[in-house]
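Chains as they are written, first to last, in this note's numbering: chain A, 3 to 208; chain B, 703 to 873. I have placed the structure first, in the form of structure tokens, so that the comments after it can refer back to it.
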């Protein structure tokens, strides 16, 4: 979870405000919207298992699509949900184009078969030269990877959001109501359970 | 559906979020920033891609061609590297090969279908150009600086409808 913004507004508040101003003709507000929401889109796309270049393409495509069809977003408050939903659809299309002939294993995200997004059981492995900050971080990485693909995506996206926005973001990712916020939800409970059972985690102070 | 994602879970999942949860999510964010950060220039690139003067009707989906045999097929002599990208939209499709002409210089060889004379706008930070497809749908952009580039395919004179825009890609 991010530290609360100085003015107390959440990511969704700030995005709604920027999108509202953009729609009444303030061109600079679009840059602000991009600045606020892109990190969340990036994370949601990366956790679908697409590699870095493909994830960059998807994020750009989603923004270009908003610029063209932003009029279809009736309520400015829905812009973050619109973007996350579009990112989910674009990531699915990109992954279909790239891996048409590969068999994927893992969970399915989405409401219907057309929007179902196959998530890989394991995300792409880390670059070879990756260095964990410490043993605690290595341990956390291992257990986050041990979650189901849907839980892994949810927690990795939510980690970049503000608490009052959790439920809306979870819903935008196609998760059931109550997946997180205001209660802990099963994904976070599962991660805490995995960490509690790991003797390595217990002795390491944060 | 996985059994660890639903609402009807153990009592622990129904407990309110507490300080431990908040701390854990902060650690997850810090871990991802360390190990798999968003490219630092991505926000700037998106902002540039959106700062288009041209009105467009469709965004082309971009795919990098990974087949090495296809990627090295180029008519340009003396190139040291070539990448091929394909673009697909409802109203047209295109293939573009990026060739490395030496330090900081690139060349684009493109082919658009349906063929015929159409304008292709080439946008880069601090540099822009416009080229014309020939009757066979081919276009060339010579001696382009090595940077991110965005293409805008305009409709032919006899086509109705608007332009097709691509995401930025590395040239």
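Yeah, the Cβ is synthetic: ideal placement off N, Cα and C, and Gly gets one too. Keep in mind the model is a prediction, meaning the values are calculated, not measured.
Legend entry - Sufficient close CB pairs (3 or more, under 8 Å) joining the region 149-167 of chain A to the region 25-39 of chain A: These segments do not touch.
Legend entry - Nearest-angstrom Cβ-Cβ length linking residue 60 of chain A and residue 47 of chain A, presumed shorter than 8 Å: Your numbering for residue 60 of chain A matches position 58 in the first chain. Your numbering for residue 47 of chain A matches position 45 in the first chain. At roughly 5 Å, the Cβ-Cβ gap stays under 8 Å, so residue 60 of chain A and residue 47 of chain A are in contact.
Inset, instruction - Please name the residue in B:816, B:855, B:749 and B:753 whose C-alpha comes closest to that of residue 834 of chain B. - result: Taking the first residue of the second chain as position 1, residue 834 of chain B is located at position 132. Residue B:855 is the option with its Cα nearest to residue 834 of chain B.
Inset, instruction - Verify the contact flag: residue 855 of chain B, CB atom, against every heavy atom of the ligand SAM, threshold strictly below 6 Å. - result: Annotation note on the ligand SAM: not contained in the displayed structure, which lists no ligands.
Inset, instruction - Find out if the Cβ-Cβ distance for the pair residue 174 of chain A, residue 87 of chain A is shorter than 7 Å. - result: For the purposes of this step, residue 174 of chain A is taken as the residue at position 172 of the first chain. For the purposes of this step, residue 87 of chain A is taken as the residue at position 85 of the first chain. Cβ atoms of residue 174 of chain A and residue 87 of chain A: closer than 7 Å.
Inset, instruction - Can you give me the Cβ contacts of residue 136 of chain A inside the same chain, cut-off strictly under 6 Å, excluding the 5 residues immediately before and after it? - result: Counting from one through the first chain, the residue named residue 136 of chain A turns up at place 134. Closer than 6 Å at Cβ, skipping near neighbours: no residue.
Legend entry - Residue from A:132, A:165 and A:177 with nearest C-alpha to residue 151 of chain A: Reading the first chain from its first residue, position 149 is the one you call residue 151 of chain A. The shortest Cα separation from residue 151 of chain A among A:132, A:165 and A:177 belongs to A:177.
Legend entry - Span of the alpha helix (DSSP H), counted from its first residue to its last, around residue 733 of chain B: Working through the second chain from its first residue, we reach residue 733 of chain B at position 31. Looking at the DSSP string, the run of the alpha helix (DSSP H) that includes residue 733 of chain B is 721-737.
Inset, instruction - Measure from the C-beta of residue 162 of chain A to each C-beta in chain B and report whether the shortest distance is under 7 Å. - result: Counted from its first residue, the first chain places residue 162 of chain A at position 160. Judged by the 7 Å Cβ criterion, residue 162 of chain A is in contact with chain B.
Legend entry - Under the three-state DSSP convention, the category residue 193 of chain A falls into: One-based indexing of the first chain puts residue 193 of chain A at position 191. Residue 193 of chain A: helix per DSSP, three-state reduction.
Inset, instruction - Figure out for me which residue from A:98, A:83, A:74 and A:169 has the closest Cα to the Cα of residue 183 of chain A. - result: Position 181 of the first chain, counted from the first residue, corresponds to residue 183 of chain A. The shortest Cα separation from residue 183 of chain A among A:98, A:83, A:74 and A:169 belongs to A:169.
Legend entry - Helix, strand or coil at residue 850 of chain B according to DSSP, with G and I counted as helix: Residue numbering aside, residue 850 of chain B sits at position 148 when the second chain is read from its first letter. The answer is strand: DSSP assigns residue 850 of chain B an E or B state.
Legend entry - Cβ contact (3+ pairs, closer than 8 Å) linking the region 821-830 of chain B and the region 786-794 of chain B: no
Inset, instruction - Closer than 9 Å by beta-carbon distance: list the chain B residues that pair up with residue 139 of chain A, in chain order. - result: Translated into the one-based positions of the first chain, residue 139 of chain A becomes position 137. Chain B residues near residue 139 of chain A: 729, 732, 733, 736 and 737.
Inset, instruction - Return helix, strand or coil for residue 78 of chain A, following the three-state DSSP convention. - result: Counted from its first residue, the first chain places residue 78 of chain A at position 76. Looking at residue 78 of chain A - three-state DSSP - the assignment turns out to be helix.
Inset, instruction - Determine the chain B residues that contact residue 62 of chain A at a beta-carbon separation under 8 Å, and present them in chain order. - result: Position 60 of the first chain holds residue 62 of chain A. Here the neighbours are 747, 748, 751, 869 and 870.
Inset, instruction - Please report how far the alpha carbon of residue 857 of chain B lies from the alpha carbon of residue 871 of chain B, in whole angstroms. - result: Residue mapping note: residue 857 of chain B aligns to position 155 of the second chain, counting from 1. Residue mapping note: residue 871 of chain B aligns to position 169 of the second chain, counting from 1. Using only the alpha carbons, I get a separation of about 21 Å.
Legend entry - residue 719 of chain B at chain A interface by Cβ criterion, 7 Å: On the second chain, residue 719 of chain B is found 17 positions in, with the first residue counted as 1. At least one chain A Cβ lies under 7 Å of residue 719 of chain B.
Legend entry - Cross-chain neighbours of residue 761 of chain B in chain A, by beta carbon under 7 Å: Position 59 of the second chain, counted from the start, is the residue given in the question as residue 761 of chain B. Those are 63, 66, 67 and 70, listed as they occur along chain A.
Inset, instruction - Classify residue 884 of chain B as helix, strand or coil using the three-state DSSP reduction. - result: There is no way to answer for residue 884 of chain B, as the model of chain B reaches only from 703 to 873.
Inset, instruction - Could you tell me whether the Cβ of residue 836 of chain B comes closer than 7 Å to any Cβ of chain A? - result: Counting from one through the second chain, the residue named residue 836 of chain B turns up at place 134. Interface residue (Cβ-Cβ distance to chain A less than 7 Å): residue 836 of chain B is not classified as such.
Legend entry - C-alpha distance - residue 715 of chain B paired with residue 813 of chain B, whole-angstrom precision: Residue mapping note: residue 715 of chain B aligns to position 13 of the second chain, counting from 1. Residue mapping note: residue 813 of chain B aligns to position 111 of the second chain, counting from 1. Rounded to whole angstroms, residue 715 of chain B to residue 813 of chain B spans 55 Å at the Cα level.
Legend entry - Spatial distance of residue 165 of chain A from residue 31 of chain A (CA atoms): For the purposes of this step, residue 165 of chain A is taken as residue 163 along the first chain, with counting starting at 1. For the purposes of this step, residue 31 of chain A is taken as residue 29 along the first chain, with counting starting at 1. Their backbone Cα atoms lie some 24 Å apart in a straight line.
Inset, instruction - Answer yes or no: does any C-beta atom of chain D fall closer than 7 Å to that of residue 33 of chain A? - result: Structure shown: chain D not included; protein chains present are A and B.
Legend entry - Close Cβ partners of residue 202 of chain A (< 6 Å) along its chain, the five nearest in sequence each way excluded: Residue mapping note: residue 202 of chain A aligns to position 200 of the first chain, counting from 1. For residue 202 of chain A, where only same-chain residues beyond five positions count, the Cβ hits under 6 Å are 141.
Legend entry - Through-space distance from residue 72 of chain A to residue 78 of chain A, alpha-carbon basis: On the first chain, position 76 is the one that residue 78 of chain A refers to. On the first chain, position 70 is the one that residue 72 of chain A refers to. Between residue 78 of chain A and residue 72 of chain A, the C-alpha separation is close to 10 Å.
Inset, instruction - Mind checking which residues open and close the beta strand (DSSP E) that includes residue 815 of chain B? - result: Position 113 of the second chain holds residue 815 of chain B. Here the beta strand (DSSP E) through residue 815 of chain B covers 807-815.
Inset, instruction - Return the CA-CA distance between residue 792 of chain B and residue 731 of chain B, expressed in angstroms with no decimal places. - result: Position 90 of the second chain holds residue 792 of chain B. Position 29 of the second chain holds residue 731 of chain B. Each residue's alpha carbon lies about 38 Å from the other.
Inset, instruction - Using the Cα positions of residue 837 of chain B and residue 797 of chain B, report the straight-line distance between them to the nearest angstrom. - result: Here residue 837 of chain B is taken as the residue at index 135 of the second chain, counted from 1. Here residue 797 of chain B is taken as the residue at index 95 of the second chain, counted from 1. C-alpha of residue 837 of chain B to C-alpha of residue 797 of chain B: approximately 16 Å in a straight line.
Inset, instruction - Report back the beta-carbon spacing between residue 85 of chain A and residue 64 of chain A to the nearest angstrom; my notes put them in contact at under 8 Å. - result: Position 83 of the first chain, counted from the start, is the residue given in the question as residue 85 of chain A. Position 62 of the first chain, counted from the start, is the residue given in the question as residue 64 of chain A. With 8 Å as the limit, residue 85 of chain A and residue 64 of chain A qualify as a contact, their Cβ atoms being about 6 Å apart.
Legend entry - Status (buried if at least 16 other CB within 10 Å, exposed otherwise) for residue 869 of chain B: Here residue 869 of chain B is taken as the residue at index 167 of the second chain, counted from 1. Buried.
Legend entry - Residue from B:808, B:819 and B:758 whose Cα sits closest to the Cα of residue 843 of chain B: Along the second chain, read from residue 1 onward, the residue named residue 843 of chain B stands at position 141. If we check each option's Cα against that of residue 843 of chain B, B:808 comes out closest.
Inset, instruction - Please check if any C-beta of chain B sits within less than 7 Å of the C-beta of residue 44 of chain A. - result: Start at 1 with the first residue of the first chain, and residue 44 of chain A comes out as number 42. By this cut-off, residue 44 of chain A is an interface position.
Legend entry - Residues near residue 114 of chain A by beta carbon distance below 8 Å, same chain, minus five either side: Here residue 114 of chain A refers to the residue found at position 112 of the first chain. Below a pLDDT of 50, predicted positions are generally treated as unreliable, and residue 114 of chain A, at 42, falls in that range; the measurement from the model is reported next regardless. Answer for residue 114 of chain A: no residue qualifies.
Inset, instruction - Measure the C-alpha to C-alpha separation of residue 66 of chain A and residue 840 of chain B and round it to an integer number of angstroms. - result: Here residue 66 of chain A corresponds to residue number 64 of the first chain, with the count starting at 1. Here residue 840 of chain B corresponds to residue number 138 of the second chain, with the count starting at 1. Cα to Cα, the separation comes out at about 25 Å.
Inset, instruction - Taking residue 873 of chain B and residue 846 of chain B to be in contact with their CB atoms under 8 Å, please state how far apart those CB atoms are, rounded to whole angstroms. - result: Counting from 1 along the second chain, the entry for residue 873 of chain B is found at position 171. Counting from 1 along the second chain, the entry for residue 846 of chain B is found at position 144. Right, the Cβ-Cβ distance comes to about 6 Å (below 8 Å), so this counts as a contact.
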